[in-house]
Amino acid sequence: MTDATLRTRPEPVPELACPIAPVVDIVFSRWTTPILWALHTYGRQRFVELERRLATITPKVLTQRLRQLERDGLVLRTYHAEVPPRVEYEITELGGSLAPLFATLAEWAADRLPEVDRARADYDTREPGPGRRA
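Numbering (our numbering), first residue to last: 19 to 152.
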């Protein structure tokens, strides 16, 4: 290979190396999965209802995540011009299309997380090997 060939090669695109990477970035960022799960499971909800269901999320973070999910087309925000104003959030058809993925992951978690816990416990009790710190 010549220097000219190396210089003209396009940079590798991570999404092509792992085609699910963009999906993981969208769906599995912190709080996204719990928000989508709550909207899918319990239906349309007001902000305060979501906030109660996700007890440890801050209002600021919930607002940011809902805006991002709305931008991604996974959540629909509906503003009702009444006194006082009311805003509701619901999962869109696109967001709902993730339900089989979540169901598969929930099944995997029920079946396989005990194995992960055992593997972690085994790993943590082993003597440190070469290159592994105590």
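Built from N, CA and C at the ideal position, the CB exists for glycine as well.
For clarity, every value in this text was computed on a predicted model and none was experimentally measured.
Once the 5 residues before and after residue i are set aside, which same chain residues still bring their CB inside 6 Å of it?
i          : result
residue 52 : 72
residue 62 : 106 and 108
What first and last residue would you give for the alpha helix (DSSP H) that runs through residue i?
i           : result
residue 67  : 65-71
residue 105 : Residue 105 -> not in any alpha helix (DSSP H); beta strand (DSSP E) instead, spanning 104-109.
residue 41  : 39-45
residue 142 : 117-143
residue 52  : 50-60
residue 79  : 77-89
Rank the options by C-alpha distance to the C-alpha of residue i and give the top, closest one.
i           : options             : result
residue 107 : 145, 116 and 97     : 97
residue 74  : 142, 49 and 44      : 49
residue 91  : 78, 111, 135 and 99 : 111
residue 68  : 116, 38 and 93      : 93
residue 58  : 120, 37, 43 and 85  : 120
residue 47  : 86, 37 and 60       : 86
residue 114 : 40, 56 and 146      : 56
Here's a check: name, in chain order, each residue in its chain whose Cβ is nearer than 7 Å to the Cβ of residue i, leaving out the five neighbours to either side.
i          : result
residue 79 : 49
Starting from residue i, trace the beta strand (DSSP E) in both directions and tell me its first and last residue.
i          : result
residue 95 : 93-98
Pull up the CB-CB distance for residue i and residue j, whole angstroms please, since I reckon it's below 8 Å.
i           : j          : result
residue 104 : residue 64 : 7 Å
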